[in-house]
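Trainee: Each residue of the sequence shown is one higher than the one before, counting from 1 in full-length UniProt numbering. Just so you know, even glycine gets a beta-carbon here, dropped at the ideal spot from N, CA and C. Bear in mind the structure is a predicted one, so any value in this text is a computation, not a measurement. The structure is given below, and queries will be raised subsequently.
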Amino acid sequence: MHQAARKYEVPYWTIKCRVIDEREEKDKVKKNKKDTGRKKQKVAERVEESSDEESDISYVPNFEDLVKEIEENRQEEEEMDEAYFIRREAVQLAPPAPLLEDFVYHWRMITKFYVNKDKTTRVVVESTNIPAHLDQLIKLILEEQCSLEEGATGPCLEYLLQHHILDLLATLACTDSPPGMKSLTLCFMKKLLTQLREPVLPHVSVYAPVQRLVAVCSGLLASPSETDEIHFLCTLCAVIGKHPHLINIFNSQYVETKRLSVSSTTSSQSSGFEDSKFSPSPQYRPNDNGNLEHPLLSREDALEQTKPGLMTETFTFQSSPETKSPNWGSTNKFPLLDALLSFLHSADSRVTVKACEGIMLLAALPSDSFARSLARHSNLCAELAARLAALYEGIVPGVDPNDIDEMQITWGLDSLAWTDGTKFPGCRQVAAFLAWLDYFDQLVREAHPITGTTLAESFRSQFLEGVLGPTLLDTGSSTILVTAFITKCLKQVTAPALLQEYVYWLVGEGREPELPNVITCPIRRQLFDNCFHEQDEVSLETLRLFEVLLEKPSEHGLHCLVLTYLNSRRYYDTSSSDLVIGSWSDEEEERERNNRDSPTLDFSEGPSPVSRTLAPGNIDKIINSFLLLLPQPLHSATDPADEGYEQYVQDADRQYQECVTRCSRHSWPTEATFPDLMEGDDSHSSDSRPEADHDGNRARNFYEGPFLRMLFTRLVRLPYQPYEINLQLTSLVSRLAMLPHPYLHEYLLNPLLPVLPDTNTLFGTLELVAAELVTQIPLFKSYKQALYATRQRLLEGICDPQEETNSILESVIVLEEFSKELSAIAFVKYHHSS
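Structure (structure tokens):
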């Protein structure tokens with residue numbers, strides 16, 4: 001017998017059963033003290049009244065009675081205080097009850113509420129004791145877990161699983177009785193799944209209630225519990241992310257087979273619930289009034305019948321081949337994914353973000369079979385792409401393209417400042433579209449390769465070809481706005497699979513050269529035409545689009561635009577090659593002989609391969625050719641310190657290193673050689689090219705391609721174009737010249753290269769521009785001062801209303817600075833390749 005029981009001669013169980021809450025006992029003591037105080041006050045009043053009366057012997061006995069009454073009250077108060085401390089000491093000294101007894105007690109208190117529930121009163125769950133009892137259930141399970149070894153199962157958890165408590169809670173959540181029980185059950189289940197050391201989700205008594213709870217989670221209708229619902233779904237996704245094989249239990253066919261195989265075993269082990277099946281039996285379910293049937297509480301012997309070893313019912317998903325790779329058929333459903341997709345339309349942005357996180361966790365699972373099923377039979381790809389298209393179509397048409405380019409949006413909660421709609425008209429719609437595009441891009445990048453590829457294909461078919469393409473080809477639409485969105489989307493896309501589909505849509509999937517006047521890709525042809533649009537804003541935005549495309553690490557885009565027309569090297573005049581070789585150093589002559597004897601390309605051990613093409617011996621002549629392109633009298637910078645050539649070299653060095661890193665995976669050659677010298681390679685022979693020279697006239701068949709032809713045509717118009725277009729045009733050509741490709745390099749940056757007659761080259765085009773300026777500039781009065789003033793105005797960013805008059809002067813400044821930039825690029829590439 002416990003010490004407290006021996007001291008007060010009271011049995012231990014009596015002390016345990018008569019434990020009085022300390023707070024209630026203190027209230028009783030305070031009440032008695034107040035009553036005693038009131039009596040004392042009445043006595044004092046009576047004494048005061050007696051003092052006002054005349055002194056008489058009759059009042060003496062009454063005074064003694066009052067004193068006696070005060071003494072009795074004092075003794076009664078001391079006795080109550082002593083009783084209180086005795087009881088409190090007994091409570092403190094009594095040993096705690098076994099955890100399982102407390103667990104059963106709290107569970108019975110929950111079920112007792114439904115038995116005694118008033119049928120006419122509808123109370124919310126917060127006004128009942130159910131939340132406190134559920135919280136105690138979790139605490140008891142966790143406390144029990146701390147005292148057990150790893151992998152062991154305690155009696156409280158065994159009782160929870162054996163008596164299908166979660167199944168009953170799922171039933172109550174489905175009926176939401178009392179109101180709020182749904183949210184309470186979801187929170188309880190979330191704690192149970194995340195705070196236990198061992199995963200319990202594979203257990204037959206756990207995943208079935210979880211499936212039922214997933215079924216009641218839907219964002220299609222507004223619900224006060226949607227926050228708890230989405231947190232519960234994301235918790236499930238996190239658990240599945242740690243244990244990817246658990247995704248199999250959400251396959252309806254697979255789980256149904258397992259349920260039939262284990263239901264009889266489960267019901268036989270649960271002697272307290274002999275008639276219960278995998279789903280709640282009729283005695284489990286609330287009646288029409290939401291009350292539980294009384295037979296649930298009549299199981300007095302349930303505690304004694306709890307047996308260990310129930311955790312052996314859990315699924316071992318790696319026990320058989322069909323378990324490792326379930327047969328996901330077209331009839332399978334994805335309840336967890338469908339529930340998450342339904343919350344994408346929630347008005348609460350936080351709920352939407354959580355749904356996006358859950359979808360990303362499911363899409364990133366490493367299971368190939370699940371990824372294939374997700375890609376082929378779910379609504380994931382189609383719904384996400386359709387939402388992107390719908391958000392784009394909701395953008396107002398009057399948005400300024402410059403505002404679009406300045407927006408930096410991510411799909412998380414850190415871009416909410418753009419959604420208030422106060423930045424510019426239509427800002428909220430544009431922000432929502434760009435945020436969803438950013439999420440789509442990250443989802444493709446993080447998802448399983450099979451799922452990511454299907455997502456990218458849906459992006460191309462439903463958004464690019466279904467929305468952007470028709471809008472771009474429609475001449476009556478806002479061409480500048482759709483081009484700005486194409487540029488912004490291309491700039492924001494980083495996932496390799498998504499970028500590949502984007503480039504395929506822009507330039508086509510074929511890699512063969514396009515013949516003149518033959519359209520193989522309508523989008524590409526439309527973009528080339530827009531570069532000569534009657535509106536300069538459209539041409540400017542299209543040039544920006546091509547510059548962004550060149551900055552992307554896409555070899556296919558560069559190949560289709562430029563390289564496929566230069567790889568044959570048909571611009572080269574072989575008849576004068578001996579003269580060129582004679583001007584090189586002895587070392588370069590030896591390298592040329594080695595290249596002819598052995599066509600294998602040589603790579604150095606350093607960070608950049610040695611290349612005769614990129615680092616010719618006559619680099620000084622090449623640099624001077626660009627710097628002296630304009631006559632000295634037309635130079636606007638009179639002071640050598642103002643020329644800024646050193647700054648161009650520094651910028652070119654930084655940009656070239658970035659370009660080399662970006663193009664490192666393209667497997668480009670380091671030397672410009674003739675493909676027909678490569679033995680055993682018929683794909684590069686002269687007869688296999690569309691522009692093959694069958695009559696010996698190579699110049700007539702060389703075609704630089706529509707992209708380079710567009711650039712050269714625009715450069716010829718340099719003196720008569722707006723300053724903004726000239727800047728964008730020269731920037732685009734500089735991006736091309738920066739690429740470490742030998743054929744492109746010698747074609748653009750080697751003015752001394754022997755080319756066939758009538759072949760368009762960059763240096764030849766710039767010579768035409770310089771000749772035009774030489775004839776036009778002297779017509780201006782005091783043109784030296786005018787050139788200097790124009791240079792200062794452009795450096796300070798001051799606009800001049802006389803655009804037509806100053807366009808030629810501005811073109812001189814542009815050509816002068818462009819020549820410096822090209823010479824700096826040639827010098828930097830020589831430095832890195834020598």
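#1: For a test of the three-state rule: what should DSSP assign to Tyr572, helix, strand or coil?
#2: Please classify His163 as buried or exposed, where buried requires at least 16 neighbouring CB atoms within 10 angstroms.
#3: Would you list the residues sitting across from Val755 in a DSSP beta bridge?
#4: Grouping DSSP H, G and I as helix and E and B as strand, with all else coil, what is Lys423?
#5: Go ahead and pull the three-state DSSP assignment for Ala637.
#6: Quick one: complete alpha helix (DSSP H) runs, 4+ long, within the region 471-504?
#7: Mind the definition here: the region 213-233 touches the region 333-353 only if three or more C-beta pairs lie below 8 Å; say whether that holds.
#8: Ile519: buried (16+ other C-beta within 10 angstroms of its C-beta) or exposed?
#9: Tell me, to the nearest whole angstrom, how far the beta carbon of Leu756 is from that of Asp573; I am working on the premise that it is less than 8 Å.
#10: Rounded to a whole number of angstroms, what is the C-alpha to C-alpha distance between Gly508 and Glu514?
#11: Alpha carbon to alpha carbon, what distance is there between Leu157 and Glu101?
#12: I need the DSSP call for Ile130, collapsed to helix, strand or coil.
#13: Count Cβ pairs between the region 363-370 and the region 391-400 that sit closer than 8 Å; are there 3 or more?
#14: Measuring alpha carbon to alpha carbon, tell me which of Val828, Arg428 and Ser819 ends up nearest Ala770.
#15: Using only CA atoms, which one of Pro98, Leu744, Cys234 and Gln721 lies nearest to His533?
#16: Please determine if the region 729-745 and the region 646-659 are in contact, where contact requires at least 3 C-beta pairs separated by less than 8 Å.
#17: Does DSSP classify Ala382 as helix, strand or coil?
#18: In or out: Tyr504 buried (at least 16 other Cβ within 10 Å) or exposed?
#19: Measure the beta-carbon distance from Leu795 to Ser636 and round it to whole angstroms, keeping in mind my assumption that it falls under 8 Å.
#20: By the 10 Å Cβ neighbour count, where 16 or more other Cβ atoms means buried, how is Gly466 classified, buried or exposed?
#21: Please return the same chain residues whose Cβ sits closer than 6 Å to the Cβ of Leu614, not counting the five positions on each side in sequence.
#22: For the alpha helix (DSSP H) that contains Gly151, what are its first and last residues?
#23: Would you say Pro178 and Val125 are within 9 Å of each other, going by their C-beta atoms?
#24: Is Leu337 helix, strand or coil when you go by DSSP?
#25: If the criterion is Cβ atoms closer than 9 Å, does the pair Leu481 and Pro397 meet it?
#26: Do Phe780 and Leu815 count as a contact pair if the criterion is CB distance below 9 Å?
#27: Buried or exposed: where does Ile798 fall if 16 or more other Cβ atoms within 10 Å of its Cβ makes it buried?
#28: Span of the alpha helix (DSSP H) holding Tyr720?
#29: If you run the structure through DSSP and keep just helix, strand and coil, what is Val123?
#30: Of the choices Ala347, Ser478 and Ser373, whose alpha-carbon is the least far from that of Glu432?
#31: Tell me the residue span of the alpha helix (DSSP H) that contains Met360.
#32: Taking the CB atoms as reference points, tell me whether Leu172 and Thr153 lie closer together than 9 Å.
#33: From the DSSP output, in three-state form, read off Ser833 for me.
#34: Using 10 angstroms around the beta-carbon of Ala484, count the other beta-carbons present and answer buried if the total reaches 16, otherwise exposed.
#35: Could you tell me which uninterrupted alpha helix (DSSP H) segments, each at least 4 residues in length, are contained entirely in the region 766-827, listed from first to last along the chain?
Mentor: Considering the structure as presented:
#1: DSSP places Tyr572 in strand when its eight states are reduced to three.
#2: buried
#3: Tyr572
#4: coil
#5: coil
#6: 479-492
#7: The region 213-233 is in contact with the region 333-353.
#8: Exposed is the label assigned to Ile519, since fewer than 16 other Cβ atoms lie within 10 Å of its Cβ.
#9: 5 Å
#10: 11 Å
#11: Those two C-alpha atoms are separated by around 13 Å.
#12: DSSP places Ile130 in the helix class (H, G or I) of the three-state scheme.
#13: No: the two stretches stay apart, fewer than three of their Cβ pairs being nearer than 8 Å.
#14: Ser819
#15: Out of Pro98, Leu744, Cys234 and Gln721, Gln721 has the C-alpha closest to the C-alpha of His533.
#16: yes
#17: helix
#18: By the neighbour-count definition (other C-beta atoms within 10 Å, threshold 16), Tyr504 is a buried residue.
#19: Contact flag wrong, Cβ pair sits at about 10 Å.
#20: The residue in question, Gly466, is exposed, as its Cβ has fewer than 16 Cβ neighbours within 10 Å.
#21: His745, Lys829 and Ser833
#22: Premise fails: Gly151 is in no alpha helix (DSSP H) and is neither H nor E.
#23: At a Cβ-Cβ threshold of 9 Å, Pro178 and Val125 count as neighbours.
#24: helix
#25: Yes. Within cutoff.
#26: No, the Cβ-Cβ distance between Leu815 and Phe780 is not below 9 Å.
#27: exposed
#28: No alpha helix (DSSP H) holds Tyr720; DSSP gives it neither H nor E.
#29: coil
#30: For the record, residue 432 in the displayed sequence is Ala; it is not Glu. Looking only at Ala347, Ser478 and Ser373, the smallest Cα-Cα distance to Ala432 is reached by Ala347.
#31: Ser349 to Ala363
#32: no
#33: It is helical.
#34: buried
#35: 783-796
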